[in-house]
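Asker: Input: one structure, supplied below.
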Amino acid sequence: MSLPTHRSRGLRASATLAAAVLVLAGCGSDDESSSGSDDASDSHGDLTLQLSWVKNAEFSGEFMADTKGYYEEEGFAKVTMDPGPGAIETLVATGDADFGLSNAVSTAQVIAEEDAPLKVIGTKFQKNPFTILSLKDGGDIATPEDLVGKKIGVQAGGNETLFDALLEVNGIDPGDVTKVPVEYDPAPLIDGEVDGFLAYLTNESITVQSEGIDVTNLPFADNGLPFVAESVITTDQMIAEEPEKVKAFLAAEIRGWQDAVADPEEGARLAVEEYGAELDLDITKEVEQANVQDGLIVTPDVEANGLFTITDELIEQNMATLEAAGIDVSAEDLFDLSLLTELLDERPELTELP
């Protein structure tokens with residue numbers, strides 16, 4: 001593939017974040033709070049959304065919302081989607097992006113280490129896509145116990161934190177597993193240099209299978225490390241001063257993802273032919289990704305409560321994961337679902353699934 005394969009997507013703190021946040025706080029906001037009016041199409045002004053990765057099918061809902069005019073209908077004059085990867089938390093905390101798409105572990109780590117004024121306000125992925133990928137006729141790692149005695153390719157940085165936490169919650173002695181430094185290309189797995197490879201269900205796993213190779217996955221979410229991903233983050237200041245803007249953004253997002261879940265093929269087409277046209281994406285892989293990620297988005301809880309919602313039970317599971325990863329942060333410091341709850345009370349049609 002011409003694209004880089006997946007990444008830790010942050011899971012790291014920026015050394016400059018604390019200073020940048022202080023500068024931002026000192027400057028304050030030059031914009032007036034949103035009027036919340038449904039009559040003016042540009043009542044919330046321009047919007048910048050920091051994506052977590054390149055413009056592929058992972059953002060089908062955003063592409064749907066843009067194509068169908070949902071952002072405009074909810075009051076935004078112009079929407080800019082900046083592709084990742086990048087320092088998502090830093091970009092949002094410093095005001096370079098209004099909203100970002102990250103995950104609970106990455107955001108919690110930056111809050112804990114840098115005192116970043118950020119909150120998760122909703123999530124697309126109820127189940128994170130991290131996995132230990134192996135070849136069925138090779139390592140065939142189907143259970144945590146299968147990690148013992150194996151060589152596992154792990155990317156430096158935040159992915160090491162996650163892998164160590166996976167061993168911790170499953171009672172596996174780190175000395176019983178050989179951790180091999182790798183990049184994000186799964187070639188070391190295919191070439192037999194490692195028995196397992198820290199990957200994404202929605203990316204490397206599909207890429208390897210597309211080469212006709214049978215694989216085995218050990219999903220983190222199903223093996224002791226549940227946490228939300230592709231989560232919407234914004235600042236405490238945005239929540240406090242522009243609540244209607246936050247609700248308008250969440251409304252457009254939910255509407256886009258209602259359509260993307262209903263028609264994953266169209267979302268993949270938008271990625272390949274329009275939004276990611278310069279990336280030379282493969283339509284077969286993007287359709288497969290769109291279908292796989294639907295399983296991470298739509299769960300029984302979402303069927304009961306609606307897209308982007310996070311139950312109290314899932315928050316508790318996230319906090320247990322953070323504890324296992326050695327990240328000291330409270331649920332109140334990380335999550336604020338008050339505006340999402342308010343929005344869904346006001347507009348119950350947004351809780352509907354196709």
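All residue numbers for the sequence shown refer to this note's numbering, where the first residue is 1 and numbers rise by one.
We treat Cβ as the ideally placed atom computed from N, Cα and C, and that holds for glycine.
1) Arg347: buried (16+ other C-beta within 10 angstroms of its C-beta) or exposed?
2) At the level of alpha carbons, what is the spacing between Val180 and Val261?
3) Quick one, are the C-beta atoms of Thr202 and Glu58 less than 9 Å apart?
4) Identify, in the order they occur along the chain, each residue of the same chain with its Cβ nearer than 8 Å to the Cβ of Asp46, setting aside the five sequence neighbours on each side.
5) Select from Leu189, Val148, Gly196 the residue whose C-alpha is nearest the C-alpha of Pro356.
6) Less than 6 Å between C-beta atoms, sequence neighbours within five positions excluded: which residues of the same chain meet that for Gln50?
7) Measuring straight from C-alpha to C-alpha, what distance separates Thr161 and Ser43?
8) Starting from Asn305, trace the alpha helix (DSSP H) both ways and give me its first and last residue.
9) How big is the Cα-Cα spacing for Glu114 and Gly86?
10) Taking just the CA atoms, how far does Arg255 sit from Asn223?
11) Given a threshold of 16 other Cβ atoms within 10 Å of its Cβ, counted over all protein chains shown, does Gly326 qualify as buried or as exposed?
12) Restricting to Cα atoms, I'd like to know which of Glu145, Val105, Leu343 is closest to Ala252.
13) Quick check on DSSP: helix, strand or coil for Glu342?
14) Determine whether the beta carbon atoms of Leu334 and Leu307 lie at a separation below 9 Å.
15) What residues in its chain sit with their C-beta under 8 Å from that of Leu270, if we drop five residues either side in the sequence?
16) So what does DSSP say about Ser60, is it helix, strand or coil?
17) Which two residues bound the contiguous beta strand (DSSP E) that contains Asp146?
18) If Phe227 and Asn103 are in contact, beta carbons under 8 Å, what's the gap, nearest whole angstrom?
19) Please name the residue, chosen from Asp282, Ser52, Leu296, that lies closest to Gly84 on a Cα-to-Cα basis.
20) Express the C-alpha separation of Val272 and Glu323 in angstroms, rounding to a whole number.
21) Using the C-alpha atoms, what's the distance from Ile190 back to Asp345?
22) Excluding the 5 residues flanking Leu353 on each side, which residues of the same chain have their C-beta closer than 8 Å to its C-beta?
23) Could you work out which residue in Ile239, Gln237, Gly212, Phe197 is closest to Pro219 when comparing CA atoms only?
24) Check whether the Cβ atoms of Pro129 and Ala221 lie closer than 9 Å to each other.
25) Spatial neighbours of Gln317 within its chain, please: C-beta separation below 8 Å, excluding the five flanking residues on both sides.
26) Tell me whether Cys27 sits in a helix, a strand or coil according to DSSP, three-state version.
27) What does the alpha-carbon distance come out to for the pair Glu204 and Lys136?
28) Should Thr341 go down as buried or exposed, given a rule of 16 or more other Cβ atoms within 10 Å for buried?
Answerer: Here's the rundown:
1) exposed
2) 37 Å
3) yes
4) Phe76, Ala77, Lys78, Val79, Thr80
5) For the chain, the structure presents residues 1 to 354; residue 356 sits outside this window and is missing.
6) Asp82, Ile88, Leu91, Ala97, Gly100
7) 42 Å
8) 300-305
9) 17 Å
10) 32 Å
11) exposed
12) Leu343
13) helix
14) no
15) Ser60, Phe63, Met64, Thr67
16) helix
17) From DSSP, Asp146 is part of no beta strand (DSSP E); its letter is neither H nor E.
18) 7 Å
19) Ser52
20) 39 Å
21) 49 Å
22) Gln258, Val261, Val298, Val302, Glu303, Gly306, Leu307
23) Phe197
24) yes
25) Pro226, Phe227
26) With a pLDDT of 42 at Cys27, under the threshold of 50, the predicted position of this residue should be treated as unreliable, though the coordinate-derived value follows. Helix.
27) 15 Å
28) exposed
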